[in-house]
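What follows is a single structure, written as structure tokens, with notes after it.
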Amino acid sequence: MLNLIMHIFCKNKIYTTESKLFYKIFKWDVGLPTLLSLRKIFYADILFVTGLICFIFVKSKFNFFLYLLFIFLGLLILIFQLREQVKIISYNALGARTPSQIRALQMEDFIRKFVSINGKALGRKEWKAIKKYDIRLYNDLLSNECNHICYYYSLEIAKVIKDSSLLWGAIECPFEEGHIYYAHAVILRNGYIYDSNMRQSDNYKDFIKLYNFKLYKQWNYDEYSKKDFRESERNDFRNWCIKNNVKDFEMF
Numbered sequence: 005m006l007n008l009i010m011h012i013f014c015k016n017k018i019y020t021t022e023s024k025l026f027y028k029i030f031k032w033d034v035g036l037p038t039l040l041s042l043r044k045i046f047y048a049d050i051l052f053v054t055g056l057i058c059f060i061f062v063k064s065k066f067n068f069f070l071y072l073l074f075i076f077l078g079l080l081i082l083i084f085q086l087r088e089q090v091k092i093i094s095y096n097a098l099g100a101r102t103p104s105q106i107r108a109l110q111m112e113d114f115i116r117k118f119v120s121i122n123g124k125a126l127g128r129k130e131w132k133a134i135k136k137y138d139i140r141l142y143n144d145l146l147s148n149e150c151n152h153i154c155y156y157y158s159l160e161i162a163k164v165i166k167d168s169s170l171l172w173g174a175i176e177c178p179f180e181e182g183h184i185y186y187a188h189a190v191i192l193r194n195g196y197i198y199d200s201n202m203r204q205s206d207n208y209k210d211f212i213k214l215y216n217f218k219l220y221k222q223w224n225y226d227e228y229s230k231k232d233f234r235e236s237e238r239n240d241f242r243n244w245c246i247k248n249n250v251k252d253f254e255m256f
């Protein structure tokens with residue numbers, strides 16, 4: 005379902021030849037919020053279409069009013085959703101969210117926490133270790149607080165999960181035309197990367213293929229756990245980014 009949603013809504017909005025990989029990797033980050041925002045329309049369609057098909061093709065006097073009820077409920081939900089869209093426009097213009105949007109965000113957060121915790125780079129055992137080490141770090145990593153702060157959170161994860169490798173490099177943005185690269189940091193473990201921006205584990209080969217990943221350096225625990233690690237690498241990394249036309253490296 006999420007791959008279908010991605011195909012319908014993202015097909016003409018992405019700049020990558022690896023569309024199937026994009027749908028696979030971005031289904032939780034892009035597909036899930038889209039699905040949740042359209043959930044009431046799907047409910048309405050299912051009720052209306054089911055009622056209409058049964059009304060036309062299933063000849064049963066006993067269920068006649070039930071089929072009409074399905075059709076009526078489908079139309080009713082659709083009308084309420086259209087009213088909700090008007091409310092969303094007015095609320096969002098004021099920088100607020102409607103109750104329906106808040107519920108959708110809560111559902112998304114719940115599902116994405118489950119996806120994060122059951123990953124192949126970081127599984128339940130590793131998340132328990134992170135939680136035991138620093139509950140605040142654990143909560144940040146399972147929320148949107150960690151988005152766009154990969155330089156910090158990837159290092160913090162690697163310090164706890166010591167058999168991880170820390171990778172700095174650059175990824176090509178699939179949402180922008182013209183091969184635009186941005187600085188990015190992830191951890192690598194068991195052939196899978198954990199991306200704190202996306203809050204999920206992905207196959208490293210898929211990650212390289214989708215983003216045309218350019219690797220700057222890879223470090224093990226003995227290297228990245230040294231005091232002032234980021235400070236010691238910062239200048240060389242920034243120079244590498246400038247040389248390779250990579251953006252958004254300033255915070256590294």
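Final position of the sequence shown in this note's numbering is 256; the numbers increase by one with none missing. C-beta atoms are modelled at their ideal positions from N, C-alpha and C, and glycine is treated no differently.
Subject >> Coil, strand or helix - LYS127 by DSSP >> reply: Here residue 127 turns out to be Gly, not Lys, going by the sequence shown. Coil, per DSSP.
**OP:** Determine the DSSP secondary structure at ASP252, reduced to helix, strand or coil.
**Re:** Assignment of ASP252 by DSSP, reduced to helix, strand and coil, places it in the coil class.
Original post:
Cα separation between LEU73 and SER200?
Top reply: Distance between the alpha carbons of LEU73 and SER200: 46 Å.
**OP:** Just confirm the distance between the C-beta atoms of VAL34 and MET10, as a whole number of angstroms; I'd bet it's less than 8 Å.
**Re:** The pair is a contact, with the Cβ atoms about 7 Å apart (cut-off 8 Å).
**OP:** Assign VAL237 to buried or exposed, taking buried as 16 or more other Cβ atoms, counted over all protein chains shown, within 10 Å of its Cβ.
**Re:** Note that residue 237 is Glu in the sequence shown, not Val. Burial call: buried.
Original post:
Just reading off the beta strand (DSSP E) that SER205 is part of, what are its end residues?
Top reply: Segment 204 to 207, the beta strand (DSSP E) holding SER205.
Original post:
So GLU160 packs on TYR19, CB below 8 Å; how close in whole Å?
Top reply: That pair is no contact at about 32 Å.
Original post:
Under the DSSP definition of a beta bridge, which residues are partnered with ARG193?
Top reply: According to DSSP, ARG193 bridges with TYR196.
Subject >> Element boundaries [alpha helix (DSSP H), containing GLU160] >> reply: Where GLU160 is concerned, the enclosing alpha helix (DSSP H) stretches over 154 to 164.
Original post:
Just how far apart, CA to CA, sit ALA162 and SER23?
Top reply: Going from the Cα of ALA162 to the Cα of SER23 covers about 30 Å.
Subject >> Member of TYR27, TYR220, ASN7, SER120 whose CA lies at the smallest distance from the CA of ASN249 >> reply: Comparing Cα-Cα distances from ASN249 to each of TYR27, TYR220, ASN7, SER120, the minimum goes to TYR220.
**OP:** Could you tell me which residues DSSP pairs with LEU219 in its beta bridges?
**Re:** For LEU219, which the question treats as bridged, DSSP gives the partners GLY173.
Subject >> Residue from TYR155, ILE45, ARG87, LEU146 with nearest C-alpha to ILE115 >> reply: Nearest to ILE115 by C-alpha distance, out of TYR155, ILE45, ARG87, LEU146, is LEU146.
Subject >> Enclosing alpha helix (DSSP H) for TYR142 [first to last residue] >> reply: For TYR142, the enclosing alpha helix (DSSP H) starts and ends at 139 to 145.
Original post:
So CYS245 is in the alpha helix (DSSP H); what residue range does that whole segment cover?
Top reply: DSSP places CYS245 in the uninterrupted alpha helix (DSSP H) bounded by 233 to 247.
Original post:
Bridge partners of TYR95, per DSSP?
Top reply: Its beta-bridge partners do not exist; DSSP assigns none.
Subject >> 8 Å contact criterion, which ALA125 and ILE197 should meet: CB distance rounded >> reply: The pair is a contact, with the Cβ atoms about 6 Å apart (cut-off 8 Å).
Subject >> Cα-Cα separation, TYR157 to ASN148 >> reply: Cα to Cα, the separation comes out at about 12 Å.
**OP:** Taking only the alpha-carbon atoms, compute the straight-line gap between GLY123 and ALA108 and give it to the nearest angstrom.
**Re:** Whole-angstrom Cα-Cα distance: 23 Å.
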